[in-house]
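Okay, structure first, notes after.
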Amino acid sequence: MTSTPTIDQQSGAALVTSADATSLPLWKQDGAEPFLRIENITKNFGEFTAVDNISLDIYKNELFCLLGGSGSGKSTLLRMLAGFESPTSGRILIDGVDMAGIQPWKRPVNMMFQSYALFPHLSVEDNIAFGLKREGIDRSEVKQRVAQMLDMVQLGHLGKRKPHQLSGGQRQRVALARSLVKRPKLLLLDEPLGALDKKLREETQFELINIQEELGVTFVVVTHDQEEAMTLATRIGVMNHGVIVQTAEPHDVYEYPNSRFVAEFVGSVNLFEGKVIEDQPDSVRIKSKEAGSVLYVNHGISCAPNQKVSVALRPEKIKIGKRKPDQDENCIQGIIEEIAYMGSLSVYRVRLASGKEVRVTQPNMSRDMGERLTWNDPVYLSWTVDSSVVLTA
Amino acid sequence: MKRRSLFLNTTAIMGFIFLYAPMIALIVYSFNKSKLVTVWGGWSLKWYGELFRNEQIIDAALLSLKIAFISASVAVILGTMAGYVLSRFGKFRGKMIFSGWITAPLVMPEVITGLSLLLLFVAMEGLIGWPSGRGTGTIIIAHVTFCMAYVAVIVQSRLSQMDETLEEAAMDLGAKPSSLFFLVTLPLIAPAIISGWLLSFTLSLDDLVIASFVSGPGNSTLPMVIFSKVRLGVSPEVNALATIMIAIVAIGVIAAMFQMRRQAKLLGRQD
Numbered sequence: 001m002t003s004t005p006t007i008d009q010q011s012g013a014a015l016v017t018s019a020d021a022t023s024l025p026l027w028k029q030d031g032a033e034p035f036l037r038i039e040n041i042t043k044n045f046g047e048f049t050a051v052d053n054i055s056l057d058i059y060k061n062e063l064f065c066l067l068g069g070s071g072s073g074k075s076t077l078l079r080m081l082a083g084f085e086s087p088t089s090g091r092i093l094i095d096g097v098d099m100a101g102i103q104p105w106k107r108p109v110n111m112m113f114q115s116y117a118l119f120p121h122l123s124v125e126d127n128i129a130f131g132l133k134r135e136g137i138d139r140s141e142v143k144q145r146v147a148q149m150l151d152m153v154q155l156g157h158l159g160k161r162k163p164h165q166l167s168g169g170q171r172q173r174v175a176l177a178r179s180l181v182k183r184p185k186l187l188l189l190d191e192p193l194g195a196l197d198k199k200l201r202e203e204t205q206f207e208l209i210n211i212q213e214e215l216g217v218t219f220v221v222v223t224h225d226q227e228e229a230m231t232l233a234t235r236i237g238v239m240n241h242g243v244i245v246q247t248a249e250p251h252d253v254y255e256y257p258n259s260r261f262v263a264e265f266v267g268s269v270n271l272f273e274g275k276v277i278e279d280q281p282d283s284v285r286i287k288s289k290e291a292g293s294v295l296y297v298n299h300g301i302s303c304a305p306n307q308k309v310s311v312a313l314r315p316e317k318i319k320i321g322k323r324k325p326d327q328d329e330n331c332i333q334g335i336i337e338e339i340a341y342m343g344s345l346s347v348y349r350v351r352l353a354s355g356k357e358v359r360v361t362q363p364n365m366s367r368d369m370g371e372r373l374t375w376n377d378p379v380y381l382s383w384t385v386d387s388s389v390v391l392t393a
Numbered sequence: 001m002k003r004r005s006l007f008l009n010t011t012a013i014m015g016f017i018f019l020y021a022p023m024i025a026l027i028v029y030s031f032n033k034s035k036l037v038t039v040w041g042g043w044s045l046k047w048y049g050e051l052f053r054n055e056q057i058i059d060a061a062l063l064s065l066k067i068a069f070i071s072a073s074v075a076v077i078l079g080t081m082a083g084y085v086l087s088r089f090g091k092f093r094g095k096m097i098f099s100g101w102i103t104a105p106l107v108m109p110e111v112i113t114g115l116s117l118l119l120l121f122v123a124m125e126g127l128i129g130w131p132s133g134r135g136t137g138t139i140i141i142a143h144v145t146f147c148m149a150y151v152a153v154i155v156q157s158r159l160s161q162m163d164e165t166l167e168e169a170a171m172d173l174g175a176k177p178s179s180l181f182f183l184v185t186l187p188l189i190a191p192a193i194i195s196g197w198l199l200s201f202t203l204s205l206d207d208l209v210i211a212s213f214v215s216g217p218g219n220s221t222l223p224m225v226i227f228s229k230v231r232l233g234v235s236p237e238v239n240a241l242a243t244i245m246i247a248i249v250a251i252g253v254i255a256a257m258f259q260m261r262r263q264a265k266l267l268g269r270q271d
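In the order they appear, the protein sequences are chains Y and G. Counting from 1, position 385 in the first sequence corresponds to residue 385 in full-length UniProt numbering; the numbering is continuous, with no gaps. Counting from 1, position 61 in the second sequence corresponds to residue 61 in full-length UniProt numbering; the numbering is continuous, with no gaps.
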C-alpha cells in the first residue's frame with residue numbers, strides 16, 4: 001500500500017530523492033535498526049486482554065502516535081514502555097536493551113502524564129529539577145539545565161511559582177520541560193494536549209513538533225484524538241481491542257485505511273456495501289444496491305469473485321451539484337436532507353433512493369455560492385475513480 | 001447575598017444555642033465572684049488565681065499534656081503507616097477485615113476499650129511481668145491505640161484523594177520507592193498528619209473513661225481530677241479549669257480544620 005503513486009505526489013520530497021535511500025524515512029529503509037522494538041507483547045489483567053500480541057518497530061527521531069478509543073489498550077502499552085506495568089509475555093527493547101526487569105526509575109525513558117502530575121508542593125523550578133537531583137548532578141549544572149528548559153518552553157519568568165498558580169497551558173509546558181530535562185532517549189506522552197482548549201492545542205501541537213525535531217528525541221504519543229495524531233505524527237498506529245489495526249503515515253491512514261474500523265475511526269467516511277462484479281489487476285467494479293449504481297475504483301484488490309466488500313469514500317471527495325455531470329460511473333442521485341453551514345465549509349446530508357444517507361462536505365469558495373443548494377433539492381453526487389477505497393475487512 | 005428563609009435562620013440559631021449554651025454558661029460562670037456556683041456575684045478572675053495555686057490540678061494538667069503529646073506523636077507514626085498500607089497496598093486478602101480492625105476503636109464504646117485494655121495489662125503483668133503496675137505508660141499505650149485509628153482514617157482519605165500518578169511521575173524521574181515516599185508522598189500528606197496529631201492530642205487530653213481504667217495510683221490525669229472534684233460538689237475553680245480546657249481544645253480543633261482546608265486547596269487546585 002505504501003507504493004501507491006498518490007503518496008509520492010503528496011510527499012514530494014520523498015519522490016525527488018527516492019533514488020537516494022538514506023533520505024527515505026527510516027521505516028521505509030530495508031534493514032534499518034529500530035530504536036524501540038516491541039516484540040509480541042501481551043498484557044492480561046485477569047481474564048481481560050488489554051494488549052494482544054503487539055509487535056511494533058519505532059525508529060530514531062520518530063514521533064509515533066498510538067491512536068485509539070478508550071479501552072483500546074494504548075495506555076497500557078505506554079505504561080509498559082515506562083515500566084509501570086510488566087508485560088504478561090513478549091519483549092520490549094529500547095536501543096537494543098531488553099527492558100524486562102528494569103524498574104521505571106532506571107529506564108532511559110521519561111513520560112509526560114495526561115494529568116501532568118506536577119508535584120503540587122514544589123515550585124516550577126523544583127519540579128523540573130526533581131529528576132536531575134535524583135541523578136546526583138551538581139547544583140550549578142542542575143540550575144543551568146533547568147533554566148535552559150524553562151527558556152525552551154518560554155516560562156523563564158514563572159520558575160518560582162507553584163503549579164496551582166499556572167494556567168493549563170503553562171502546566172502542560174512545565175510537564176514537558178520536566179520530562180525532557182533528563183534528556184531521555186525516548187519520551188512517552190499520554191494525551192499531551194488533552195486538557196487544553198482548542199486554540200491552545202493547535203499552537204502547542206506545532207511547538208511540540210519543533211521541540212521534537214530540535215532535540216532529536218524519539219516520541220511515542222498516545223491519543224484518542226485523530227486530529228492530534230494527524231498533525232503530530234510521523235506515523236500512526238491505530239489501535240482497537242488491544243491490537244494495532246494499521247500502522248502507516250498519517251496521509252495513508254486517512255486516504256488508504258485498511259479496514260472499516262480505521263476508515264470510520266479516522267475522519268468521517270461514507271461506506272457503501274457492494275459485490276465485486278469485475279475484478280481487473282488495476283481496477284474493480286462493484287455493484288452496490290445501497291449506492292444504486294456501479295462503483296468503479298482504479299486500484300486492484302485481492303478478492304474472490306462476488307465477494308462482499310465496502311467502498312469507502314470521504315465526504316470531501318464528493319462533488320455535489322444540480323446538473324448531471326458527464327460521467328456514468330461513480331455518479332449517484334439523492335435529495336438534500338440537511339445542510340450545516342460551518343463557515344469555511346458546508347456539510348450536506350443527502351438521502352439516496354435506497355434510503356442510504358451520504359455525507360458531503362464542500363468548501364465555501366465564494367461568498368454567494370452561485371447555484372445555491374437548499375433543502376429537498378435533488379442533486380447528483382459524483383467523484384473521480386481514484387477517490388474511493390475498497391475495503392475487504 | 002441571597003436572603004435565607006426564616007425557617008433556615010431559626011433552625012440554625014436553635015441548633016447553635018442547643019450546642020453552645022451550656023459551654024457559654026460555663027465560661028460566664030468561671031468569671032463569677034461568688035463562692036456559690038449557682039449564684040451570680042459579679043465579675044472576677046479570682047477562681048483562675050485559685051486554680052493556679054492548686055498544685056494537684058497543675059500536676060494533673062502537666063501529666064495530661066505530657067501523655068497527650070507522647071500518645072499523639074506515637075499515634076501519628078503508627079496511624080500514618082496503617083493509612084498508607086490501606087490505600088497503597090492494592091487489594092490483598094483480608095483488606096476489608098484489616099481496615100475494619102483499624103477503624104473499630106472509633107466506634108467501640110470507651111468502657112469496653114478501657115476494660116479490655118485493663119484486662120490485657122493485668123494478664124501481661126502476670127505472664128511476662130510487664131507492664132509492672134499501671135501508670136503513665138499504660139495510659140499512653142491505651143491512648144495510642146484509639147488515636148492511631150483516627151490518624152489512619154484521616155491519612156487514608158488524604159492519600160486516596162492524592163493523584164497516584166504523582167508517585168509514578170516521581171519514579172519515572174528516577175526516584176526509588178523509598179525516597180519517593182519522603183520526597184513526594186510525605187510532603188503532600190503532611191497537613192493530614194498534622195491535623196491527625198492535633199486531633200489525637202485533643203482526644204487524649206479529653207479522655208476520662210479509658211484513662212480511669214488503665215491508670216494507677218498517683219497518676220490522675222486532668223479529666224480524672226476534675227471528675228473527682230465535681231463529685232464532691234462543683235467548685236468555681238473547676239469552671240475556670242474547664243474554660244481553659246475548652247480554649248485549648250478549640251484551638252486544637254480549629255488548627256486541625258485549617259490544616260485540612262489548606263490541604264484540600266493544594267490538592268484540589270491541581271486538577
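Just so it is clear, CB atoms sit at the ideal spot from N, CA and C, and this is done for glycine as well.
Per DSSP, reduced to three states, the secondary structure at G:ARG134 is coil, with no helix or strand assignment. The distance from the Cβ of Y:ALA117 to that of Y:LEU150 is about 18 Å, inconsistent with a contact at the 8 Å cut-off. Using a Cβ-Cβ cut-off of 7 Å, Y:ALA82 is close to ASP172 of chain G, given in chain order.
If you check the CB distance, Y:PRO305 and Y:ASP279 come in under 8 Å. About 5 Å separates the Cβ atoms of G:THR243 and G:ILE27, confirming a contact at the 8 Å cut-off. Those residues of the region 105-138 of chain Y placed with their C-beta closer than 7 Å to a C-beta in chain G are TRP105, ASN110, MET111, PHE113, SER115, ALA117, PHE119, PRO120, HIS121, PHE130, GLY131, ARG134 and GLU135, ordered along the chain. Ranked by how close their Cα comes to the Cα of Y:ASN298, the residues Y:HIS224, Y:VAL309 and Y:VAL385 have Y:VAL385 in first place.
Among the CB atoms of chain Y, none fall inside 8 Å of the CB of G:ALA264. Y:ASP52: member of the beta strand (DSSP E) spanning 48-58, first to last residue. For Y:LYS182, at least one C-beta of chain G is nearer than 8 Å to its own C-beta. The Cβ-Cβ distance between Y:ALA229 and Y:PRO250 falls below 8 Å. The Cβ neighbour count for Y:ASP328, taken over all protein chains shown within 10 Å, is under 16; the residue is labelled exposed.
For the region 153-177 of chain G, the beta-carbon criterion of a distance under 8 Å to any beta-carbon of chain Y is satisfied by ASP163, THR165, LEU166, GLU168, ALA169, ALA170, MET171, ASP172, LEU173, GLY174, ALA175 and LYS176. For G:PRO187, the closest Cβ of chain Y is nearer than 8 Å. Within chain Y, no residue has its beta carbon less than 7 Å from that of G:VAL85; the closest one is some 20 Å off. With the rule of 3 Cβ pairs closer than 8 Å, the region 53-73 of chain G counts as touching the region 221-237 of chain G. Distance from the CA of Y:PRO378 to the CA of Y:ARG367, rounded to the nearest whole angstrom, comes to 23 Å. Here Y:GLN212 has LEU63 and PHE219 as same chain residues with Cβ atoms under 6 Å from its own Cβ, once five neighbours each way along the sequence are excluded. Contact between G:ASN32 and G:SER44 holds, since their C-beta atoms are separated by about 7 Å, short of 8 Å.
For Y:ASN127, the uninterrupted alpha helix (DSSP H) segment begins and ends at 124-134. Contact between the region 153-160 of chain Y and the region 150-162 of chain G is absent: fewer than three C-beta pairs spanning the two stretches fall below 8 Å. Apart from the 5 residues on each side of it in sequence, G:ALA192 sits with its Cβ closer than 7 Å to the Cβ of ILE154, VAL155, ARG158 and GLN263 in its chain, given in chain order. Under the three-state reduction of DSSP output, G:MET162 falls in the coil class, being neither helix nor strand.
Here Y:GLY83 is not near Y:ASN240, since their CB atoms are 8 Å or more apart. Excluding its 5 nearest sequence neighbours in each direction, G:ALA256 has C-beta neighbours in its own chain below 7 Å: SER195, LEU198 and LEU199, listed in chain order.
Residue pairing for Y:ASP190: DSSP places it in a beta bridge opposite Y:VAL222.
Within chain Y, the residues placing a beta-carbon under 7 Å from that of G:VAL184 are PHE119, ordered along the chain. Sixteen is the threshold: when 16 or more other Cβ atoms of the shown chains lie within 10 Å of the Cβ of Y:GLN226, as they do, the residue is buried. In this structure, Y:PRO87 sits away from Y:TYR59, with a CB-CB distance that is not shorter than 8 Å. Cα atoms of G:ILE112 and G:GLY129: separation of roughly 24 Å, rounded to the nearest angstrom. With respect to the 8 Å criterion, Y:GLY242 and Y:VAL51 are classified as neighbours on the basis of their beta carbons.
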